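Take a look at the structure set out below.
Number of protein chains: 2
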Amino acid sequence: MESLKQRFCGITDGKYDGRTVLETLIRGGRIVRLAELRTPCALVDLDVLERNCARMWARAKRLGVKLRPHVKTHKCVDIARIQTRGQSGAITVSTLAEARAFASGGFLDITYAVPVPFPAIPEAADLLRQGVHLKLLLDHDATLRELETFGSAQGVSFPVFLKVDCGYHRAGVDPLREESAAFASRVARSPHLKLEGILTHAGHAYRCRGPEEVRQVAEQEREVMAGFAAKLRSAGVLVPGVSAGSTPTCCTAEDWTGVTEVRPGNYAFFDAFQGAMGSCSLADALAFTVLATVIGHYPERGTFLLNAGALALSKDPGPVHLDPHCGFGIPCDLSGKPIQGLRLTSLSQEHAEVEVSAPGLCTHFPLGSLLRIIPNHSCLAAACFERYRVLRDGEVVDEWRTERGW
Amino acid sequence: MESLKQRFCGITDGKYDGRTVLETLIRGGRIVRLAELRTPCALVDLDVLERNCARMWARAKRLGVKLRPHVKTHKCVDIARIQTRGQSGAITVSTLAEARAFASGGFLDITYAVPVPFPAIPEAADLLRQGVHLKLLLDHDATLRELETFGSAQGVSFPVFLKVDCGYHRAGVDPLREESAAFASRVARSPHLKLEGILTHAGHAYRCRGPEEVRQVAEQEREVMAGFAAKLRSAGVLVPGVSAGSTPTCCTAEDWTGVTEVRPGNYAFFDAFQGAMGSCSLADALAFTVLATVIGHYPERGTFLLNAGALALSKDPGPVHLDPHCGFGIPCDLSGKPIQGLRLTSLSQEHAEVEVSAPGLCTHFPLGSLLRIIPNHSCLAAACFERYRVLRDGEVVDEWRTERGW
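Quick mapping for you: the protein sequence lines, in order, are chains X and A.
The numbering of the first sequence is my numbering, which starts it at 2 and goes up by one.
The numbering of the second sequence is my numbering, which starts it at 2 and goes up by one.
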């Protein structure tokens, strides 16, 4: 007899035998159009993605640094392959779930760029034993002791980066304090650790008001890291790698002297925040959007509703330091072009409210209309979805899964 | 030969043969303690959950209204069973994914409480044909026409609620306009629709500053709905159901005369927002918390870091209208008791920064310490997780899955 589970879970676009109905259609050569998709859903424009990835690759090459993209933005193995030119090359992750999934996808050179949580150490050791070159982050003596205790008991040697604070003040050792150099030296001498280098994240670049300010942060980031590496080397500490660079600083810096690799992530997709800061053009660089349907229509109030709420866009407030009225994302037409006169004023769990600037504008968006939304923060919005619908020339040509959780 | 997938995905706490390692341990009778869990993870206190559910059930019964809990808060079949006293009773959902999953879990009386998106109509019809009494929402003539066209072509009759705006101004018809009564009458006469009643959501209760203001919103909600139902009935429209009530108004209202059912959801878990508004006590009503590990320690700055970021807590700003400095959640000890002097000042994707009010306080939270965080908005934070770890007396006794997506 048919179970309730079989009865209700094998329907259009739901999971079925490990493959979705949509995927089956695509693989069978059927053309799938945006209007056929269940909404809200996550769209990736392949042309734009490939262009963004190629540009950043070329830029890193021109400036003489290795590109180690941060995959936390998309959490998708297929996209990381494009970022590393099909090589399953060096990547950065933010969770062990990403490390496991990308390792199983062939990526074996991974930096886990969060100060390593103690409960994650045994699993990190498992990945190392299985051949993943998984580099951990530390900035504290207690972590050094924890890794040494584990490493000594289990016969493991952990490759590590020393996390350095270049001005963001979230994590990392202060490069100006003498204790920091002494700590680096202890790490370098430890028999159970292998110092791979120093690493920083200039998150304060996100507080900048435009490329000129970002360029100053990038220069500070470079100077601090190059200077600290030189100081350590002069004290006899071997510092093979100097890792820096986020999307804003990688889009503007013209000099990475003293830095060996950069780890931008957001550039694959970009978003409304990066657009406002000037990291990218809103016209042709936005690779990730959320497709939504108009489900409410209130011309008397000058509003309409979309079915993409906080669970599809995240509640990231966006670049409010540049525009306090920026709203929760940028409504666009089906070609991905921003629509003038619309503002996404509020989000609840499954609703977005859009205000129109002129009363008559509502009539252009009747119930059932489809819009694409550029999210404020693509990293958080993309993590709302278990898969992307991949577009080429406006048609769905593939489905790619994301690796969420921890 | 072992594939990369097998090699990296069959490890501690990862998915394995459809059952997690943790689940296998629990089912095998092994006691699992908080310190053994990978973080961040979602905890549900079973005692508190059961008490919250029993209280709301008793309250609805005492006030003579049916309780139709909104499962969007937890998205979990096991919790809905507790809310409906083991009966797989009437529920409210916010997505078709929830409707499908709860139907397969035995829940066949479901209200889909979002204005129905046109692309969802065929699937809603499938669920109806398969025996789910799925009630849809509408507030616009275009939806009436769309449902009639589909219903006529496919021989389906859709049970519907007319969505009414009781003052929130997000969705719904204006009950004071003559067109609204005329529209209700057209819906009631349609051969392809069955009017189940009228329905509202008093979301503006969340702007209130305390129970007294909430009580006024609840009374407005009741009056508007009872009045509109009476008006429709006097015009000859049959209005079987009058559906209202969110968690804030259900926690404070003492009179639901004229209302037939209430649809609170958040009360199963509650959260920092509901605590600040006075819907619940922060001392004993918080059933959902996020377990996190201290991963950074900066006593010189008076901060430490937790590994629960925006992807584990959501970026909901919380009750800023009551406390502009409320932060992104309430840090608690392992028993779930709020810790004085800590403030969760900022979130990035996988980090939370906690500020301490006195310099020495940092030393109480060394690297590796575990904290529990009460999120600002439990509905959004719970949706970050694919499963809950269920606690009784501080030990993990079960794992329950969530039904995410659309």
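Note that the Cβ used here is the ideal one computed from N, Cα and C, for glycine as well.
Every value quoted in this text rests on a predicted model; they were computed, and no experiment measured them.
Residues near residue i by beta carbon distance below 6 Å, same chain, minus five either side
{"i": "A:His193", "result": "Glu149, Gly152, Ser153 and Ser158"}
{"i": "X:Lys16", "result": "With a pLDDT of 43 at X:Lys16, under the threshold of 50, the modelled position of this residue cannot be trusted; read the value that follows with caution. Hits under 6 Å: none found."}
{"i": "X:Gly19", "result": "Because X:Gly19 sits at a pLDDT of 46, beneath the cut-off of 50, its placement in the model cannot be relied upon, and the following sentence gives the value as read from the coordinates. Counting only Cβ-Cβ distances below 6 Å, and skipping sequence neighbours, we find nothing."}
{"i": "X:Ile331", "result": "Ala273, Pro339 and Ile375"}
{"i": "A:Asp399", "result": "Val391"}
Inter-residue spacing [alpha-carbon to alpha-carbon] between residue i and residue j
{"i": "X:Gly259", "j": "X:Ser105", "result": "33 Å"}
{"i": "A:Ser282", "j": "A:Gly276", "result": "6 Å"}
{"i": "X:His352", "j": "A:Leu196", "result": "24 Å"}
{"i": "X:Gly92", "j": "X:Glu262", "result": "Reading off the sequence, residue 92 of chain X comes out as Ile, not Gly. Approximately 11 Å between the Cα atoms of the pair."}
{"i": "X:Arg216", "j": "X:Trp58", "result": "19 Å"}
{"i": "A:His71", "j": "A:Ile80", "result": "11 Å"}
{"i": "A:Phe329", "j": "A:Arg190", "result": "49 Å"}
{"i": "A:Arg264", "j": "A:Asn53", "result": "15 Å"}
{"i": "A:Ala383", "j": "A:Thr294", "result": "18 Å"}
{"i": "X:Leu50", "j": "A:Gly107", "result": "43 Å"}
{"i": "X:Cys10", "j": "X:Ile296", "result": "Any reading at X:Cys10 is ruled out, since the residue's pLDDT is 47, under 50, leaving its predicted position unreliable."}
{"i": "A:Lys232", "j": "A:Leu44", "result": "47 Å"}
{"i": "A:His298", "j": "X:Glu214", "result": "29 Å"}
{"i": "X:Glu37", "j": "X:Leu26", "result": "12 Å"}
{"i": "A:His378", "j": "A:Val291", "result": "12 Å"}
{"i": "A:Cys42", "j": "A:Arg373", "result": "10 Å"}
{"i": "X:Glu396", "j": "X:Leu314", "result": "22 Å"}
{"i": "X:Glu179", "j": "A:Phe271", "result": "48 Å"}
{"i": "A:Ala206", "j": "X:Phe184", "result": "53 Å"}
{"i": "A:Thr96", "j": "X:Glu255", "result": "47 Å"}
{"i": "X:Gly279", "j": "X:Thr304", "result": "29 Å"}
{"i": "X:Glu467", "j": "X:Gly361", "result": "This structure does not reach residue 467 of chain X, given that chain X is present from 2 up to 407, and the question cannot be answered."}
{"i": "X:Arg210", "j": "A:Arg344", "result": "27 Å"}
{"i": "X:Ala100", "j": "X:Tyr113", "result": "7 Å"}
{"i": "X:Thr85", "j": "A:Pro320", "result": "43 Å"}
Strand pairing of residue i, partner residues [DSSP]
{"i": "A:Ser235", "result": "DSSP, once it has assigned bridges, lists no residue as partnering A:Ser235."}
{"i": "A:Phe162", "result": "A:Leu138 and A:Gly198"}
{"i": "A:Phe305", "result": "A:His298 and A:Val355"}
{"i": "X:Val174", "result": "X:Val165"}
{"i": "X:Cys333", "result": "X:Pro339 and X:Arg373"}
Residue i in three-state terms, based on DSSP
{"i": "A:Gly90", "result": "coil"}
{"i": "A:Phe289", "result": "strand"}
{"i": "X:Met2", "result": "Here X:Met2 scores only 46 on pLDDT, less than 50, and its place in the model should not be relied on; the value that follows carries that caveat. Coil, per DSSP."}
{"i": "A:Asp272", "result": "coil"}
{"i": "X:Arg264", "result": "coil"}
{"i": "X:Ile32", "result": "coil"}
{"i": "A:Gly319", "result": "coil"}
{"i": "A:Arg402", "result": "strand"}
Identity of the residue in the options nearest residue i by Cα
{"i": "X:Gly198", "options": "X:Arg101, X:Gly204 and X:Leu138", "result": "X:Leu138"}
{"i": "A:His238", "options": "A:Leu26, A:Gln221 and A:Leu163", "result": "The sequence shown places Val at residue 238 of chain A, not His. Of A:Leu26, A:Gln221 and A:Leu163, the residue nearest in Cα terms is A:Leu163."}
{"i": "X:Cys251", "options": "X:His202, X:Leu135 and X:Thr290", "result": "X:His202"}
{"i": "X:Cys333", "options": "X:Gly319, X:Glu301, X:Pro376 and X:Thr364", "result": "X:Pro376"}
{"i": "X:Ala245", "options": "X:Val225, X:Leu47, X:Lys76 and X:Pro318", "result": "X:Val225"}
{"i": "A:His322", "options": "A:Ala273, A:His134, A:Leu135 and A:Ser235", "result": "A:Ala273"}
{"i": "X:Ser370", "options": "A:Phe119, A:Thr290, A:Glu255 and A:Arg31", "result": "A:Phe119"}
{"i": "A:Ala288", "options": "A:Leu307, A:Cys327, A:Thr74 and A:Pro300", "result": "A:Thr74"}
{"i": "X:Ala269", "options": "X:Arg31, X:Arg69, X:Leu368 and X:Gly29", "result": "X:Arg69"}
{"i": "X:Leu306", "options": "X:Ala284, X:Gly319, X:Thr364 and X:Pro325", "result": "X:Thr364"}
{"i": "A:Ser89", "options": "A:Asp46, A:Ala98, A:His134 and A:Asp48", "result": "A:His134"}
{"i": "X:Arg223", "options": "X:Pro367, X:Trp407, X:Arg388 and X:Val66", "result": "X:Val66"}
{"i": "A:Ala219", "options": "A:Trp257, A:Leu64 and A:Leu177", "result": "A:Trp257"}
Close-in-space but distant-in-sequence residues of the same chain around residue i (CB under 8 Å, 5 per side omitted)
{"i": "A:Ser349", "result": "Gly310 and Ala311"}
{"i": "X:Asp175", "result": "Asp166 and Ser181"}
{"i": "X:Pro116", "result": "Leu138, Leu139, Asp140, His141, Thr144, Lys164 and Ala172"}
{"i": "X:Phe103", "result": "Val72, Val78, Ala81, Ile92, Val94, Ile111 and Glu404"}
{"i": "A:Arg130", "result": "Val157"}
{"i": "X:Leu335", "result": "Leu35, Leu371, Leu372, Arg373 and Gly395"}
Cβ shell of residue i (< 7 Å), same chain only, five flanking positions each side left out
{"i": "X:Gln221", "result": "Cys167 and Gly168"}
{"i": "X:Ala230", "result": "Ile199, Val240, Val243 and Gly259"}
{"i": "X:Ser358", "result": "Gly342"}
{"i": "X:Asn267", "result": "Thr74, Thr248, Gln275, Ser379 and Cys380"}
{"i": "X:Gln1", "result": "The requested residue 1 of chain X does not occur in the structure, where chain X is confined to residues 2 to 407."}
{"i": "X:Asp324", "result": "Ala277"}
Listed by chain order, chain D residues near residue i by CB distance under 8 Å
{"i": "X:Asp140", "result": "Looking at the structure shown, chain D is missing, and the protein chains on hand are X and A."}
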